[in-house]
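**Q**
Protein chains: 2
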Amino acid sequence: MKIDTTSPDLSAQIAKAIREAIISGELSVNDRLPSEAELSEQFDVGRTTVREALKRLAAQNLIRTQRGAFGGAFVNKQSFQDAQAAHITTSTLLLSMNDVSFDTAWEARFALEAACAPLSCQRRTADHLATMRAEIHRQGQPGLTDEAFCASDVAFHRALVDGAQNPVLSYQLAGAVEAIEPLMNMITFTARSREAICDMHTSIADGLEAQDSKTVEAGLSALETYTLTLARDVITSRDQQRR
Amino acid sequence: MKIDTTSPDLSAQIAKAIREAIISGELSVNDRLPSEAELSEQFDVGRTTVREALKRLAAQNLIRTQRGAFGGAFVNKQSFQDAQAAHITTSTLLLSMNDVSFDTAWEARFALEAACAPLSCQRRTADHLATMRAEIHRQGQPGLTDEAFCASDVAFHRALVDGAQNPVLSYQLAGAVEAIEPLMNMITFTARSREAICDMHTSIADGLEAQDSKTVEAGLSALETYTLTLARDVITSRDQQRR
DNA sequence: GACTTTTAAATGTCTGACAAATGAAAATTG
DNA sequence: CAATTTTCATTTGTCAGACATTTAAAAGTC
């Protein structure tokens with residue numbers, strides 16, 4: 583592991599070297615890295631620089647640190663849970679910073695969700711169904727705020743995705759499903775549209791319960807079209823107001 | 583923005599505070615953060631601690647720094663390209679560190695790819711088709727190493743996904759498609775299986791060219807089943823050798 | 001007005017110091 | 001001897017101060 587000590591980004595270089603050692607398997611889960619003092623000797627830099635490199639790795643969840651004798655920096659096991667949270671954050675920022683149209687994000691989300699539908703039909707448990715029914719019930723409550731409705735909507739679709747019982751799918755989908763929530767919140771639904779959405783959710787849940795993927799896909803497709811129409815109306819009327 | 587100066591993770595707290603300011607929109611793209619000296623005053627911590635916080639954010643691509651007068655830390659625009667690279671790294675580590683079975687990863691990958699197929703049929707350009715044909719041709723070359731074959735395979739499928747012309751889809755899919763490559767490399771294909779794979783790739787490309795999503799989906803499905811069978815054979819024989 | 005020099009501001013790095021946590025080893029005690 | 005307490009070395013967390021380097025604006029020069 584060599585670095586160019588003349589370049590002014592030593593901590594980035596050191597982080598990269600260690601990161602690559604982890605990715606290549608040279609360092610395994612729970613392996614202990616050399617202490618900061620040892621690393622600073624090895625790389626011939628100050629301890630400050632080493633620490634900045636370690637913080638970079640910690641920010642990526644690649645290592646954790648522990649104080650005290652026999653403490654140090656240890657290679658982290660990537661958990662689906664943590665990775666998912668980070669993935670959602672990044673996806674959300676990507677959408678908000680890149681002027682991604684609602685159409686594009688919505689299309690991606692439903693295309694991916696539809697891919698889960700057949701698997702979820704096969705494997706969904708009573709738990710998944712119960713979650714979905716509970717969320718549908720919540721969505722029917724009159725006093726619900728728009729934010730709470732959207733959150734419940736996300737929970738409903740997450741249950742559908744999780745029903746496929748494939749952690750890789752759940753992880754990848756989380757980004758698409760959750761990141762769109764802020765965009766959804768911009769489109770405030772009327773009480774009437776909520777009722778229609780609940781009906782479609784019920785139809786989807788019925789299909790999953792009956793393990794009938796045709797019904798589920800039809801319900802998802804209807805939901806996609808319906809929401810897209812609503813969204814376009816909202817955007818059109820907003821543009822008109824702006825004139 | 584307040585932090586608990588008695589807790590021993592000041593830099594993480596500061597990073598979190600700034601991160602949330604970015605996510606909430608309080609700080610916008612290209613906004614300049616206060617200088618390190620100013621931040622260290624605001625948070626009442628040393629400059630070292632502030633710098634560690636900033637390095638954390640830099641590791642997540644949330645900020646960039648620039649030296650000199652009128653330099654400083656600026657909020658980064660998240661680019662799909664950078665986010666995709668990070669996403670692939672994380673996905674790869676997730677698979678390798680969590681004993682995800684080949685079956686699970688493979689199922690997720692094909693379910694997601696199949697979701698892109700109809701869209702790609704509609705929108706793929708001549709460029710995408712040309713890339714796919716070129717990769718098929720490369721895959722037929724006899725001297726190709728296993729690694730190169732797998733890389734070409736990834737490029738082929740990436741072209742299919744990109745054909746949907748939806749950056750959100752491409753971003754999400756990249757994780758699933760690329761992260762499985764190391765697992766694929768473990769399964770060394772014989773020359774004969776390569777031929778069969780090329781045939782299926784050709785069938786998929788033909789379907790895309792004819793904008794016939796049925797053919798594409800059939801090709802993908804055949805490829806999924808075929809590779810899965812191969813993989814199971816390899817794993818079974820490997821287990822037998824171990825006895 | 002065009003060019004050069006100066007200067008102030010900012011990040012990048014290093015050193016040395018001390019605080020705090022932590023587990024092992026040694027000392028103490030019953 | 002066994003259980004408990006104390007000591008101690010190690011390691012991370014934080015700070016202050018220093019200097020190098022970069023950078024663009026400001027001042028000076030022709």
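From first to last, the protein sequence lines stand for chains C and X. So this note's numbering is basically just the index in the first sequence, starting at one, shifted up by 582. So this note's numbering is basically just the index in the second sequence, starting at one, shifted up by 582. We treat Cβ as the ideally placed atom computed from N, Cα and C, and that holds for glycine. On a predicted model such as this, the values are computed, not experimentally measured, just so you know.
Going by the beta-carbon positions, is the gap between C:Ala635 and C:Ala687 smaller than 8 Å?
**A** No, these two residues do not count as a Cβ contact at 8 Å.
**Q** Closer than 9 Å by beta-carbon distance: list the chain X residues that pair up with C:Glu689, in chain order.
**A** In chain order: Leu701, Ala746, Asn748, Val750, Leu751.
**Q** Restricting to Cα atoms, I'd like to know which of X:Asn748, X:Leu609, X:Ala741 is closest to C:Phe692.
**A** Of the listed residues, the one whose Cα sits closest to C:Phe692 is X:Asn748.
**Q** Answer with yes or no whether the minimum CB distance from X:Met714 to chain C is below 8 Å.
**A** No, because no Cβ of chain C sits closer than 8 Å to the Cβ of X:Met714.
**Q** Mapping DSSP to helix, strand and coil, what is X:Thr707?
**A** Residue state, collapsed to three classes: coil.
**Q** Should the region 642 to 659 of chain C be called in touch with the region 645 to 663 of chain X, which here means at least 3 C-beta pairs below 8 Å?
**A** Touching, no.
**Q** Would DSSP call C:Arg649 helix, strand or coil?
**A** Here C:Arg649 sits in coil by DSSP.
**Q** Just tell me which of X:Arg638, X:Ser610, X:His669, X:Val632 has its CA closest to the CA of X:Val657.
**A** Minimum Cα distance to X:Val657 is reached at X:Ser610.
**Q** Got a sec: which bits of the region 596 to 609 of chain X sit with their beta carbon under 9 Å from any beta carbon on chain C, in order along the chain?
**A** So the close ones are Ala597, Arg601, Ile604, Ile605, Gly607.
**Q** Sort out for me which residues DSSP pairs C:Arg614 with in a bridge.
**A** In DSSP, C:Arg614 forms a bridge with C:Phe656.
**Q** Confirm, please, whether the CB-CB distance from C:Val798 to C:Cys703 is below 8 Å.
**A** In contact: C:Cys703 and C:Val798 (Cβ atoms closer than 8 Å).
**Q** Determine the burial state of X:Met768: buried for a count of at least 16 other Cβ atoms within 10 Å of its Cβ, exposed for fewer.
**A** Answer is exposed; the Cβ neighbour count stays below 16.
**Q** With DSSP as the reference, label X:Asp685 as helix, strand or coil.
**A** Helix, per DSSP.
**Q** For C:Lys659, go through chain X and note every residue whose CB falls closer than 8 Å to its CB, in chain order.
**A** By Cβ distance, chain X contributes Met679, Asn680.
**Q** Please report the Cβ distance between X:Leu694 and C:Leu644, rounded to the nearest whole angstrom; I am assuming they are in contact, meaning their Cβ atoms lie under 8 Å.
**A** Not a contact, Cβ separation roughly 25 Å.
**Q** Okay, do the region 669 to 680 of chain X and the region 785 to 795 of chain X touch, 3+ Cβ pairs below 8 Å being the bar?
**A** With the cut-off at 8 Å, the region 669 to 680 of chain X and the region 785 to 795 of chain X do not touch.
**Q** Can you tell me whether DSSP reads X:Ile769 as helix, strand or coil?
**A** X:Ile769 falls in the coil class under three-state DSSP.
**Q** Cβ of X:Gly745 within 8 Å of Cβ of X:His710?
**A** Contact flag set, yes.
**Q** Who are the near neighbours of X:Val736 in its chain, counting only those whose CB is closer than 8 Å to its CB and skipping five residues on each side?
**A** The answer, listed in chain order, is Val759, Glu760, Glu763.
**Q** The region 606 to 632 of chain C: which residues have C-beta closer than 8 Å to a C-beta of chain X, in chain order?
**A** For the region 606 to 632 of chain C, which is checked against every Cβ of chain X, the residues closer than 8 Å are Gly607, Val611, Thr630.
**Q** Note down, in chain order, every chain C residue with its Cβ under 7 Å from the Cβ of X:Glu634.
**A** Within chain C, the residues near X:Glu634 are Arg633, Glu634, Lys637.
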